[in-house]
Every structure is written in structure tokens, then in C-alpha cells.
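S.K.: Taking numbering that gives the first Met the number 0 as reference, the numbering of the sequence shown is continuous, increasing by one, and the terminal residue is 983.
We treat Cβ as the ideally placed atom computed from N, Cα and C, and that holds for glycine.
Note that this is a predicted model, so its numbers are computed, not measured.
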Amino acid sequence: MLVLPLSVLAQNSLSGKVTDASSNQAMSGVSVAITGTSNGTFTNSDGTFTLKNVKSGDNVSFSFLGFKTETIAYSNQQNISVSLQQDGQGIEEVLVVGYGKVKKKDATGSVTQISAKDFNKGATPTVENLLNGRVAGLQINTGGGPASGSAIRIRGGASITATNDPLIVVDGLPISNESPAGSRNFLATLDPNTVESISVLKDASATAIYGSRASNGVIIITTKKGGKKLKVDYNFQYGSGKHYRKIDVLSSDEFVAKAQQLYPAQVGTLGVPSGIADNPATPNINESRTIYNTDWQEEIFKQTDYVTNNLNLSGSLFDKVPARLSVGNTYQEGLIMTDKFNRSTAGLNLSPSLFKDHLKLTLNANISNEKNNFARTPIGSAIRFDPTKPVYDANSQWGGFYEYTGSNGNLTALAPRNPVAEIMQSTNASKVNRILGNLQMDYKFHFLPELRAVVNFGYDQSKGEGNPTVARNSAVSDGNGGNALSDKYGERSNYSSSFTNKLLDGYFVYAKKFGKLDFEGTTGYSYQKFSEERFNSGNLLNPTADFSDIDRSTDRVLIGYFARTNLTYKDKYLLTLTYRRDGTSVFSKENQFGNFPAASFAWKLNNEFFANSKTISDLKLRAGWGITGQQDLGRRDYFQPQYTTGTPGSQYVFGTSPITVGLPKDYNPNLKWEETTTYNVGLDYGLFNNRISGSVEGYYKLSEDLLFNAPFADGSNFSNNGPQNIGSLDIKGIEFTLNAEIVKKEKFNWNVNFNASKFERRIKSLKTVNNTPTGGIGGGTGGNIQVFSEEWTPNSFYVYQQLYNTDGSPIEGGFADLNGDNIINDKDKYIRNNTDPDLLLGFQSTMNVYNFDFSFNLRASIGNRMYNNVNSGNAYTNNMFANSILSNVPTSTFDSNFASSGNNVIFSDYYIENASFLKMDNITLGYTFPNWLEGKASVRLSAGVQNAFVITKYSGLDPEIFNGIDNTIYPRQRQFLFGVNMKF
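Structure (C-alpha cells):
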């Protein structure tokens with residue numbers, strides 16, 4: 000008889016805690032199981048677990064998606080601590096690409112993915128804010144308003160006058176970048192808290208699978224999914240914001256002093272009548288006038304609130320169906336009075352697997368309600384309005400606000416209007432409802448498990464409406480042109496829109512290993528249809544107005560046939576071949592289809608030469624080529640003749656019957672695809688088990704047959720100009736990325752990310768439209784300050800060279816005679832600088848010390864130039880008495896002492912400034928209580944600052960303006976933030 004030790008037969012319990020080795024944070028939902036048995040459990044929200052019925056000699060495994068599995072031999076321990084290392088094969092290292100996924104180590108194209116744990120912290124009301132400064136080659140320029148739209152550019156875009164926006168794909172559904180009526184921007188309805196990862200596809204070998212819409216790059220947004228164990232995650236954040244810079248104008252005292260110096264005859268108009276007679280004994284004091292000290296910018300700006308609440312529940316329904324439910328609300332106020340944004344969202348994800356995982360279903364459904372009040376932005380009026388005037392006037396018939404009026408109470412013509420009144424006497428409330436989601440079915444054939452069939456149905460519908468109003472007694476109200484209150488109508492209108500986006504994708508994926516060759520092939524078909532209708536009533540209070548009909552735009556239909564092959568030999572040599580044939584309804588039948596091939600190759604040098612190296616853990620050389628397309632020119636039907644009905648004022652009368660006429664519209668049947676050819680070479684590196692990793696990239700793009708708004712030959716069309724295929728543009732650049740785990744210890748971790756990018760855009764050819772002016776500016780008689788010119792960067796500044804006195808002061812109207820003809824005219828203008836930066840930098844740091852965490856994000860732009868249109872349009876001494884009314888001016892007026900914008904002063908290179916900057920986007924400090932509620936939950940408290948500081952030499956309000964022309968932008972606010980995160 001064989002007698003076994005009692006310790007072997009004994010059934011014990013094992014308890015312990017599991018943490019993330021990189022952050023020392025507790026990990027919930029980790030699978031803890033005895034190897035080879037069904038006996039297992041999961042860790043709680045604080046990372047703790049208890050596993051029963053364990054006997055000595057059992058192997059206990061700890062596994063979690065994205066982390067390396069740890070196995071520990073049980074030898075009667077009662078309590079253990081386990082730290083899981085992130086796995087290079089895990090979810091963080093699996094990149095989401097078009098119509099599939101690829102392991103990062105096997106990627107041959109230029110793809111960067113940022114996961115939720117690496118997103119930007121702080122105030123991120125819209126999705127794109129999660130990425131700012133995180134990806135080399137990606138620029139995001141977000142406006143200052145609440146949930147404001149952003150200009151997003153990947154590697155500088157690829158066009159000149161057609162769109163340069165990247166294609167955005169949400170859970171496999173490409174969405175339109177058009178904003179519905181009443182929305183802040185087309186991404187404003189998406190809740191950033193529901194996003195799991197964002198992939199940025201930068202080169203043609205990665206983007207060509209999307210063909211005709213991929214020239215400007217692709218951004219793929221993947222939302223969070225369910226899991227096995229119930230998790231509850233609640234996030235709350237509050238922020239209080241205020242403006243931190245204003246345009247420097249004269250104070251009331253400074254204004255009075257300058258008026259006495261420059262316009263002494265007008266001193267008697269300062270302030271308002273006091274009702275007291277002037278005392279001749281005090282010649283320096285005018286008792287008959289009450290002088291106010293009004294800072295008009297302070298009057299229209301306010302302290303703001305920012306509140307976001309988000310609740311996520313994830314788990315498994317009936318222990319069979321992974322599910323996630325999220326609800327959230329974001330409320331954000333703008334700096335300008337009455338400007339408000341409020342978004343409520345709900346999202347559902349179900350991802351069941353049937354037939355022993357042969358059929359996988361994924362349902363994503365997101366609904367949102369966006370409510371806004373769009374404030375008017377009379378910042379220009381706030382700069383110019385006399386600071387000695389009051390905001391309110393109890394005797395004013397104009398809503399109780401002070402306005403420039405005559406003795407009869409009528410408005411003074413051409414006078415500036417009270418900016419506070421303009422805001423407070425108007426409303427523009429809107430609401431937008433959006434449904435966005437998809438249903439994907441992924442079937443792995445029973446008789447051929449290497450083959451999968453995938454069908455994806457997508458649906459996106461946005462309905463928006465709004466009701467702008469302006470009070471009848473507002474000085475800026477619509478009217479018959481007169482200046483009396485009886486001449487005003489007031490304003491009330493309705494606008495609405497409905498956008499619908501329907502998608503059907505179907506494709507096969509075949510993956511099989513043949514000896515040392517790994518093969519994966521994908522082929523499929525895509526159909527997508529965009530429909531929209533818009534309505535704007537016009538002013539319903541205007542008795543002479545013509546009211547609009549619903550505008551139903553022509554549907555835009557896109558179809559595509561695509562294929563991709565991935566080949567990997569010996570885990571050393573990788574080849575990806577891609578082809579897409581796209582058709583679009585926006586071109587004529589002769590030009591409807593385009594072909595977009597791509598190829599890329601990668602060589603894993605680490606497996607070839609450094610297989611046993613302890614220093615080099617990853618070294619991969621990549622090279623790619625591809626062609627992508629562009630077909631977004633705004634109008635969807637420009638290729639075909641169309642007619643529009645005339646207004647009642649253009650009717651013909653035959654006898655007594657008025658006949659509505661048909662008016663031909665301009666069109667161009669010869670339009671075709673704008674195509675971009677891209678070459679890319681890259682080196683991915685990893686050192687010391689990837690504690691240091693990153694990439695170096697170089698690329699060249701050539702866009703041809705540019706969709707350019709150009710003049711038509713005289714008499715050849717029904718408009719002077721319109722979209723045509725003209726010219727070419729090239730872009731070249733380099734990128735560098737470095738990720739480093741500087742410190743990696745049990746109680747202290749420090750990770751940093753650094754990225755740098757440089758690109759140059761050059762117009763190669765514009766044929767008949769070379770030197771096309773662009774970049775409209777205000778001030779004087781207006782005009783354009785930029786130009787499209789061959790061999791120069793698009794939107795380069797086209798100006799006169801300013802001449803200076805010996806003391807360094809600029810000479811008003813003094814410009815260099817560059818062509819030497821003794822005449823100063825347009826022929827003496829020259830190209831000086833442009834809006835593109837010489838170098839873009841991003842730096843992020845995250846530290847975890849015990850239960851504390853500290854992070855910050857820095858961004859820098861070096862070498863970009865700005866045209867200061869605030870100064871060029873306002874900073875003149877004559878503007879203090881513009882239109883026979885005393886008005887304020889920027890203090891910079893007296894740096895140049897220019898009298899007026901005449902003599903082409905507004906086109907001087909004096910106003911082009913270096914707008915390089917270093918910005919601290921966010922600083923966040925947090926502390927986590929890991930064992931709240933007796934270990935049933937964890938709580939993280941955080942505090943931070945958004946827009947902490949800006950270092951720049953630029954004299955204007957903000958050096959970060961997308962088009963390089965500063966003309967009273969909506970200021971960005973500095974916010975102080977407090978947050979709570981609870982996990983159960």
C-alpha cells in the first residue's frame with residue numbers, strides 16, 4: 000500500500016493580491032486558476048483573490064489579456080503577491096488597422112496606436128483631445144470654445160483647397176466629417192470615456208485599404224468592450240476656468256490721456272453726461288462728464304464651469320455574453336457669456352460567441368444628445384469700444400444697454416455696438432440627437448477553421464435643429480436699414496439638418512501557416528451611402544424675406560473592392576500587398592472608379608542578427624509605397640448640369656402670370672480623383688526588453704491632379720471659377736518617437752514619451768493659377784495676405800518688405816522697391832515665411848510613487864509664423880477717432896505710431912511674427928486609495944491644471960492658430976481641475 004503525505008492530500012485555500020508590475024496598481028478581473036482543471040476565480044476590484052481547494056504541488060496560473068501569464072507552484076503558502084508584466088503580444092501590442100488587426104511586431108506600415116491608459120489626462124471634452132501631442136506627425140489644433148472643433152492634420156495633409164482632414168473610423172464605420180446643424184463639431188457627440196484605443200494610420204501602405212478617402216491618413220477609434228467579471232467604473236471631474244490672456248488695449252485713464260493728446264476737441268465726448276455743470280475753476284477736470292473704467296473684454300468673458308460624469312458597467316450577461324453599458328454627461332461653459340455645451344450619452348456593447356467560438360457577434364450602439372447655446376463673439380467690438388462708457392444705461396431704449404445714439408435716441412451710424420448687449424440680447428439654442436453603431440458578424444467555418452467570413456453593418460444618423468433669436472431692441476438686430484427702434488424687426492429663425500450614413504462591409508479572411516510561411520489573405524466589398532438634408536428658414540420676423548425650402552443634397556455613394564495579403568517568412572521577412580478599387584458618385588461615369596494599390600516590406604533585423612542579444616529586443620526595418628485618393632470637394636454633384644429656381648425678384652411676367660425662371664449652375668464633367676503617391680521608410684527599435692522603444696520614419700508624398708478652385712475660361716461656364724484638377728503638391732518629412740521606462744521598481748515607476756516631427760510642403764505645379772491669392776484679412780479695405788505659388792509652401796505670406804528708421808522704428812508706408820522700377824506696387828511684394836512649423840515636439844511623463852501618480856504633457860512648435868491681423872486691422876492712431884467716434888486701440892498702436900492702414904501698410908511684413916511656442920497642456924497629480932470599502936473598491940482623487948502655461952515671443956493672444964492669421968480668436972481658457980474615479 001502506497002502511503003502519501005497528508006500535505007499532498009490536504010485541500011487548502013490560497014489568498015493574495017495581483018498588481019500591474021509597471022504601475023503597481025491593483026488589477027481586477029485577473030484569472031486565477033489551477034492549471035489543467037476548471038477550478039478558478041478572478042481578482043476583486045482591489046486585486047485580491049481567494050482560491051479554494053488547492054493542494055501542494057498544484058500549478059496556479061495568473062492570466063490577463065495584454066499581460067504575460069505567471070505560473071506559481073503551490074507549496075502550502077497562505078498568501079502571495081503576484082506582479083504581472085505587460086506582454087508584447089498583448090492588447091497594447093495589437094494594432095487596429097483597416098478591416099482587421101495586426102501584431103505590432105508584424106506591422107509593415109506606419110501605424111501608431113494609443114490605448115486608454117496612455118490618453119491625455121485633464122479636460123478632454125472631445126475624442127481628438129485624447130491624442131494632442133502624443134503621436135509624431137499628428138497635429139491637432141482645437142479652438143477655444145466649449146467642445147470646439149479641431150483642425151486635424153496627419154503629416155501635413157495631402158491637398159491644397161480640397162479637404163485635408165483624415166478619415167475617421169469608429170468601430171469599423173467610416174464617418175463623415177461634416178457637422179450637423181446645431182453641433183459644435185462632428186466629434187462632439189462622441190464620449191471620450193468610452194474609447195479603448197485610437198490608431199493613427201499615416202502612410203499609404205497602411206491606409207490604402209480605405210482607397211479613395213485615405214490620402215490624408217486614417218484615424219481608427221475603437222470603443223470599450225465587455226468582460227467576464229462585473230466591473231463598475233465611475234468618473235467625475237470638475238473644472239473651473241478663466242481666461243489668462245487678453246488683447247492689451249488702453250485702460251480708461253490711458254484712453255483719456257491719449258484723447259487729450261491726439262483729439263483734444265473730442266474730450267467732451269468722453270464718458271457720459273453727469274448732469275452737473277462743468278466748473279471753470281478746474282480746467283483739467285470736466286465735471287459735466289462721468290468717466291467709467293470699463294474693461295470690455297472682462298465684461299464679455301466670465302469664469303467657467305466644466306463638469307463631466309461617466310458610469311461604465313462591464314461584465315458578462317448570464318456568464319455567456321460579454322457586455323458593457325456606459326452613460327455619461329459633459330457640461331462645459333465657454334469663456335464668453337451664455338456660451339454653453341451639454342452632452343448626454345449612452346452606449347451599449349454586446350460581444351457574444353456562439354457555436355464554440357465559431358461565430359462571434361459584436362454589437363455597438365451609441366446614442367447622444369447634444370445641447371448648445373452658441374454665444375455671439377463680438378471680441379472685435381470689445382477691443383474697440385470706448386472704455387469710458389458704461390455697460391448699462393437705464394434710460395436706453397436699446398434694452399437698457401448703453402449704445403451710441405443721437406439726441407432722438409436713434410443709433411449713430413457706423414458706430415461700434417455694445418458687445419455685452421450683442422451677447423445678452425441674442426440666443427442660439429440648439430440640440431442634436433445622434434445614433435451611431437454597428438453590428439459585426441465574424442464566422443469561422445466549421446469545415447475550414449482557417450477561413451473566416453466577416454459582415455459589418457454600420458449606421459450613423461444625426462438630427463440637429465436650432466432657433467437663433469435677436470431682440471428687436473438690439474442695436475445689431477435685422478431691420479430695414481434705418482437706425483430708429485421702429486426700423487428694427489428683431490430676428491427669429493429655425494434651422495435643421497438630418498445626416499444619414501449607412502454601411503455594408505463583407506469580406507473573407509484566410510489565415511494558415513505553411514511550414515515557415517505565415518499567410519493571411521483578406522478580400523471583400525464595401526458599400527456606403529451618405530444622405531443629408533438641410534433647412535434654414537431665414538428671419539421669420541422680416542416681412543420682406545423669402546423663405547427657404549428644404550435643401551436635399553444629392554446622395555453620396557461609395558463602393559469598394561479590396562484585397563490584402565500578409566506574408567511572414569521565418570518570422571523575419573514580412574510582405575504586405577494591398578489593393579482597393581473604389582467608385583464614387585461625385586464624379587461622372589468616365590471618372591467614377593479609381594485604383595489604389597500599395598505594398599510594404601519589413602525585415603526583423605533582431606531575429607536575423609540579434610536573436611540572442613540581451614540589449615536589442617526589437618529592430619525592424621520597414622519600407623512602403625502606395626497610392627491613395629481624394630474625392631471630397633464639398634459639392635456632391637458638381638459633375639452634372641443643374642438648375643436652380645430663381646427668387647421672386649427674378650420672375651418673368653407673361654401677361655398677368657409671373658413665371659419662375661430656372662438658373663443654370665456651374666459644373667465640371669471632367670473632374671476626377673486627386674491621387675497621392677507615398678513612399679515611407681522606417682526603423683522600429685527596442686532595447687533592454689523594450690524598456691526603451693520607438694521608431695524613426697522618413698516619407699515623401701506627391702499629390703497630383705489637385706482638386707483646386709480655379710477660374711474657368713471666359714464664357715465656358717456659368718461661374719467665374721470652380722473645382723478643377725490642376726497642379727501637384729509634394730510633402731516630405733521625418734519623424735522620431737522614443738518611449739522609455741526610466742524607472743521600473745515595485746513602488747516607483749517613471750515612463751516618458753518623446754516625439755518629434757518635421758515636414759515641408761511645396762507646390763510643384765499650379766499651371767494657369769500660379770500665384771493665386773488666399774488668406775483673407777480684415778482691416779482697411781481687406782484683401783489677402785497669403786498666396787499659392789509654385790515652389791513655395793501653401794499659404795505662404797505675400798507681403799511688402801518694411802523699411803525702418805535709423806532708430807529702428809518702422810516707416811509708415813515705407814517699403815523696399817524690390818524690382819527697382821522706382822514704383823511701389825504689387826510687383827514689389829515677396830514671399831516671406833509660412834504657417835508651417837519647422838519642428839513639432841511632444842513630451843509626456845508619468846510617474847507612480849507608491850499610491851501617488853503625477854503626469855504632465857508638453858508640446859512645442861518651432862518656426863511657425865503668424866500674421867497679427869489684430870494689430871494690422873486696429874493698431875492705428877486714426878482709429879481712435881474712426882467714423883467720428885472715439886474708439887479704443889491696442890497699446891501696440893504706439894509701438895509703430897502708424898496713423899492708418901492706408902498706403903498698403905496692412906500688407907507689411909512688419910505684422911508677421913514668430914509664433915513658436917512651448918505649451919504645458921496638462922499637469923495632473925493623483926492619489927489612489929486601493930482598499931476602499933473594506934477592499935471592495937478603489938478610489939483615485941486627482942487635481943490638475945489645463946493650459947498651465949505658454950512660453951512664446953508672439954505678441955498676440957495665442958500663438959496656436961490654425962491658418963496663421965490672428966484676427967480676434969476665441970481665447971483658450973486655463974482650468975483648475977478636480978477628479979474622482981471609483982472602481983468596484
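Between N417, D202, F61, which has its C-alpha nearest G399's C-alpha?
M.R.: Here the question's residue 399 lines up with position 400 in the sequence shown. It is N417 whose Cα lies nearest to the Cα of G399.
S.K.: Rank D385, V134, R154, G108 by C-alpha distance to the C-alpha of I730 and give the top, closest one.
M.R.: Residue numbering aside, residue 730 sits at position 731 when the sequence shown is read from its first letter. Taking only the C-alpha atoms, the option nearest I730 is R154.
S.K.: Specify, as a first and last residue, the run of the beta strand (DSSP E) that K501 falls within.
M.R.: Mapped onto the sequence shown, residue 501 falls at position 502. Counting along the chain, the beta strand (DSSP E) containing K501 begins and ends at 494-513.
S.K.: How big is the Cα-Cα spacing for A187 and R533?
M.R.: The residue labelled residue 187 in the question sits at position 188 within the sequence shown. The residue labelled residue 533 in the question sits at position 534 within the sequence shown. Rounded to the nearest angstrom, the two C-alpha atoms are 19 Å apart.
S.K.: Evaluate T68 with the Cβ neighbour count: other Cβ atoms within 10 Å of its Cβ, from every protein chain shown; 16 or more gives buried, anything less gives exposed.
M.R.: Locating residue 68 in the sequence shown gives position 69, where the first residue counts as 1. Burial call: exposed.
S.K.: Return the first residue and the last residue of the alpha helix (DSSP H) that K257 is part of.
M.R.: In the sequence shown, counting from the first residue as 1, residue 257 sits at position 258. K257 -> alpha helix (DSSP H) spans 251-261.
S.K.: Say whether chain B places a C-beta atom closer than 8 Å to the C-beta of N902.
M.R.: The question asks about chain B, but that chain is absent: this structure has only one protein chain.
S.K.: Which residue's Cα is closest to the Cα of T792: G623, A106, N863?
M.R.: Along the sequence shown, one-based indexing puts residue 792 at 793. Ranking G623, A106, N863 by Cα distance to T792 puts N863 first.
S.K.: Going by DSSP, what residue range makes up the alpha helix (DSSP H) through M846?
M.R.: The count along the sequence shown starts at 1 and reaches residue 846 at position 847. Looking at the DSSP string, M846 is not in any alpha helix (DSSP H); the run it does join, the beta strand (DSSP E), is 838-848.
S.K.: Can you tell which of F707, G520, S239, N689 has the C-alpha that lies nearest to the C-alpha of L737?
M.R.: Numbered from its first residue, the sequence shown carries residue 737 at position 738. Out of F707, G520, S239, N689, N689 has the C-alpha closest to the C-alpha of L737.
S.K.: Have a look at I159 and F707 and give me their C-alpha separation to the nearest angstrom.
M.R.: Taking the sequence shown and counting its residues from 1, the one referred to as residue 159 is at position 160. Taking the sequence shown and counting its residues from 1, the one referred to as residue 707 is at position 708. Cα to Cα, I159 sits roughly 7 Å from F707.
S.K.: Along the chain, where does the beta strand (DSSP E) containing I434 start, and where does it finish?
M.R.: Within the sequence shown, the letter at position 435 stands for residue 434. Its beta strand (DSSP E) spans residues 425-443.
S.K.: My output table needs one value for I823: the three-state DSSP class, helix, strand or coil.
M.R.: Locating residue 823 in the sequence shown gives position 824, counting from the first residue. Correct three-state label for I823: coil.
S.K.: Please name the residue in T643, V508, T773, N770 whose C-alpha comes closest to that of T659.
M.R.: Position 660 of the sequence shown, counted from the start, is the residue given in the question as residue 659. Nearest of T643, V508, T773, N770 to T659, Cα basis: T643.
S.K.: Which runs of the beta strand (DSSP E), 3 residues or longer, sit entirely within the segment 23-81?
M.R.: The segment 23-81 contains these whole beta strand (DSSP E) runs: 30-33, 39-41, 47-53, 58-62, 69-72.
S.K.: Since I208 and T577 should fall inside the 8 Å C-beta cutoff, what is the C-beta to C-beta distance between them, to a whole number of angstroms?
M.R.: Residue numbering aside, residue 208 sits at position 209 when the sequence shown is read from its first letter. Residue numbering aside, residue 577 sits at position 578 when the sequence shown is read from its first letter. Confirmed, Cβ separation roughly 5 Å.
S.K.: Nearest CA to the CA of T627: which residue from T40, E421, F592, A256?
M.R.: Within the sequence shown, numbered from 1, the residue matching residue 627 stands at position 628. Ranking the options by Cα distance to T627, first place goes to F592.
S.K.: With which residues is M981 paired in a DSSP beta bridge?
M.R.: On the sequence shown, residue 981 is found 982 positions in, with the first residue counted as 1. Y233, V938.
S.K.: Skipping 5 residues on each side, what residues in its chain have a beta carbon closer than 6 Å to that of K339?
M.R.: In the sequence shown, residue 339 corresponds to position 340, counting from 1. If we look at K339 and ignore the five residues flanking it on each side, its Cβ neighbours are E332, N372.
S.K.: Compute the beta-carbon to beta-carbon distance between F916 and V949, rounded to the nearest angstrom, for a pair I have assumed lies under 8 Å.
M.R.: Taking the first residue of the sequence shown as 1, we reach residue 916 at position 917. Taking the first residue of the sequence shown as 1, we reach residue 949 at position 950. Confirmed, Cβ separation roughly 6 Å.
S.K.: Tell me, which residues are paired with I558 by DSSP?
M.R.: In the sequence shown, residue 558 corresponds to position 559, counting from 1. Per DSSP, Y526, G582.
S.K.: With N752 and Q843 assumed to form a contact (beta carbons below 8 Å), what rounded beta-carbon distance in angstroms separates them?
M.R.: The count along the sequence shown starts at 1 and reaches residue 752 at position 753. The count along the sequence shown starts at 1 and reaches residue 843 at position 844. Indeed they touch by this definition, with Cβ atoms about 4 Å apart.
S.K.: Just to check my reading of the structure: D965 and Y875 have Cβ atoms closer than 8 Å, yes? What is that Cβ distance to the nearest angstrom?
M.R.: Numbered from its first residue, the sequence shown carries residue 965 at position 966. Numbered from its first residue, the sequence shown carries residue 875 at position 876. Not really, about 17 Å apart at Cβ, beyond 8 Å.
S.K.: Taking the straight line between their C-alpha atoms, what separation do you get for G56 and Y526?
M.R.: Counting from one through the sequence shown, the residue named residue 56 turns up at place 57. Counting from one through the sequence shown, the residue named residue 526 turns up at place 527. When rounded, the distance between both Cα atoms is 58 Å.
S.K.: In the segment 316-356, which residue ranges form an unbroken beta strand (DSSP E) of at least 3 residues, counting only runs that do not cross its ends?
M.R.: If we require 3 residues or more, the beta strand (DSSP E) runs fully inside the segment 316-356 come out as 320-332, 339-349.
S.K.: For E607, name the three-state secondary structure that DSSP assigns.
M.R.: In the sequence shown, residue 607 corresponds to position 608, counting from 1. It is helical.
S.K.: Do the segment 240-247 and the segment 853-862 touch if we need at least three Cβ pairs shorter than 8 Å?
M.R.: They do not touch, by the three-pair rule.
S.K.: Mind the definition here: the segment 395-409 touches the segment 448-459 only if three or more C-beta pairs lie below 8 Å; say whether that holds.
M.R.: No: fewer than three Cβ pairs fall under 8 Å.
S.K.: Beta-carbon within less than 8 Å of G39's beta-carbon, same chain only, minus the 5 sequence neighbours each way: which residues are those?
M.R.: Position 40 of the sequence shown, counting from 1, holds the residue named residue 39. Hits under 8 Å: S30, V31, A32, I33, L50.
S.K.: Could you compute how far the alpha carbon of N535 sits from the alpha carbon of G181?
M.R.: For the purposes of this step, residue 535 is identified with residue 536 of the sequence shown, where counting begins at 1. For the purposes of this step, residue 181 is identified with residue 182 of the sequence shown, where counting begins at 1. Going from the Cα of N535 to the Cα of G181 covers about 12 Å.
S.K.: Am I right that G807 and K766 are in contact with their C-beta atoms under 8 Å? What's the rounded C-beta distance?
M.R.: Residue numbering aside, residue 807 sits at position 808 when the sequence shown is read from its first letter. Residue numbering aside, residue 766 sits at position 767 when the sequence shown is read from its first letter. Not a contact, Cβ separation roughly 43 Å.
S.K.: Quick one: residues in its chain with C-beta nearer than 6 Å to the C-beta of K16, no 5 flanking neighbours on either side, listed in chain order?
M.R.: As a working mapping, residue 16 is identified with position 17 in the sequence shown. The answer, listed in chain order, is G46, T47, S80.
S.K.: Leaving out five residues on either side along the sequence, give the residues of the same chain with a beta carbon under 8 Å from the beta carbon of Q629.
M.R.: Sequence index remark: in the sequence shown, residue 629 carries index 630 (1-based). So the qualifying residues of the chain are A157, S158, A161, T162, S211, R212, S214, N215, W672, E673, E674, T675, S702, L706.
S.K.: Mapping the DSSP letters down to three states, classify K241 as helix, strand or coil.
M.R.: Locating residue 241 in the sequence shown gives position 242, where the first residue counts as 1. Strand.
S.K.: Pull the bridge partners of E912 from the DSSP assignment, please.
M.R.: As a first step, residue 912 is located in the sequence shown; it is residue number 913 there, counting from the start. DSSP lists M865 as partners of E912.
S.K.: Which residue spans inside the segment 737-796 form an unbroken beta strand (DSSP E) run of at least 3?
M.R.: 747-764, 771-776, 782-787, all fully within the segment 737-796.
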